[in-house]
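Report on one structure; see the data block that follows.
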Amino acid sequence: MTKALYSGSFDPVTSGHLDIIYRGAKMFDSLVVGVIENPQKKPLFSVEERVTMLKELFKDTPNVEVDSFSGLLADYVNANGFNAVIRGLRAITDFEYELSMAQMNACLFNKDVESIFLMTSPKYSFISSSMIKEVASLGGSVSGLVPDMVLDKMKNKYIKIK
Ligand code: PNS
6 MTKALYSGSF DPVTSGHLDI IYRGAKMFDS LVVGVIENPQ KKPLFSVEER
56 VTMLKELFKD TPNVEVDSFS GLLADYVNAN GFNAVIRGLR AITDFEYELS
106 MAQMNACLFN KDVESIFLMT SPKYSFISSS MIKEVASLGG SVSGLVPDMV
156 LDKMKNKYIK IK
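At position 16 of the sequence shown (counting the first as 1) the number is 21 in my numbering, and the numbers step up by one without a gap.
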């Protein structure tokens with residue numbers, strides 16, 4: 006059975022992430038969306054909120070599971086028997102960071118695990134979670150750039166923050 010991990014912060018999950026998840030799920034028997042807690046970032050949504058949203062979004066996609074973890078990605082991969090790690094590439098600016106991360110991870114995996122890069126669809130190539138948060142926090146519309154459920158939850162968050 007082929008099993009891939011698509012990990013990230015997903016704070017919040019965007020339409021670009023969804024596209025990568027659907028495409029990745031077609032390539033593997035099982036795709037785990039792994040939400041990572043990054044202690045260096047102050048998130049808009051807690052890990053629990055992000056996991057709940059992703060579970061709801063993929064409740065009808067049988068080979069997609071949602072999990073969360075902290076610490077090294079390689080430790081989680083080694084402990085859970087993944088064959089591959091998927092990442093989305095938006096532009097050349099992503100490349101250097103992704104290359105060094107893939108090469109470092111390759112040193113840390115305890116078996117052959119491929120890092121696989123899916124090119125983001127052009128219609129989503131400019132979207133990042135951080136830009137979504139910046140625009141939404143300043144009152145701009147991010148409709149269509151994040152799933153509707155996420156849009157509603159973001160509106161509630163910013164109303165509470167203000
Ligand atoms: O969504 P992001 O923030 O682009 O995801 C980056 C992420 C979380 C996948 C990356 O920072 C990561 O793998 N963090 C886990 C800690 C780790 O393994 N660091 C060493 C990477 S070589």
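Built from N, CA and C at the ideal position, the CB exists for glycine as well.
>> Under 7 Å: does the beta carbon of methionine 32 sit that close to some heavy atom of ligand 1?
In response: In this structure, ligand 1 has no non-hydrogen atom nearer than 7 Å to the beta-carbon of methionine 32.
>> Would you say the beta carbon of isoleucine 132 is closer than 7 Å to some non-hydrogen atom of ligand 1?
In response: no
> Could you check where the alpha helix (DSSP H) with glutamate 119 kicks off and where it finishes?
Replying inline: Premise fails: glutamate 119 lies in the beta strand (DSSP E), 119–124, not in any alpha helix (DSSP H).
> Can you give, in chain order, each stretch of the alpha helix (DSSP H) that sits fully within the segment 6–90 and has at least 4 residues?
Replying inline: 20–32, 52–62 and 78–85
> Leaving out the 5 sequence neighbours to the left and right, which residues in its chain are closer than 7 Å to leucine 143 when beta-carbon positions are compared?
Replying inline: none
>> For asparagine 110, report the span of its alpha helix (DSSP H) as first-last.
In response: 97–113
> Between methionine 136 and glutamate 61, what straight-line distance do the alpha-carbon atoms span, to the nearest angstrom?
Replying inline: 24 Å
> If you draw a straight line from the C-alpha of arginine 28 to the C-alpha of serine 51, how long is it?
Replying inline: 26 Å
>> Helix, strand or coil for valine 147? Go by DSSP, reduced to three states.
In response: coil
> Leaving out the 5 sequence neighbours to the left and right, which residues in its chain are closer than 8 Å to asparagine 110 when beta-carbon positions are compared?
Replying inline: Around asparagine 110: Leu78, Ala79, Val82, Val90, Val118 and Ser120.
>> Do serine 20 and glycine 149 have their beta-carbon atoms positioned less than 8 Å apart in this structure?
In response: yes
> Touching or not, the segment 61–76 and the segment 95–112, by the rule of three or more beta carbon pairs under 8 Å?
Replying inline: no
> Which residues in the same chain have their Cβ closer than 6 Å to the Cβ of threonine 125, if we skip the five residues on either side of it in sequence?
Replying inline: Gly21, Gly93 and Arg95
> Mind checking phenylalanine 100: buried by the 16 CB within 10 Å criterion, or exposed?
Replying inline: Result: exposed.
> Rounded C-beta distance between glycine 86 and lysine 8? I'm assuming under 8 Å.
Replying inline: 6 Å
> Which term fits valine 38, buried or exposed, when burial requires 16 or more other beta carbons within 10 angstroms of its beta carbon?
Replying inline: buried
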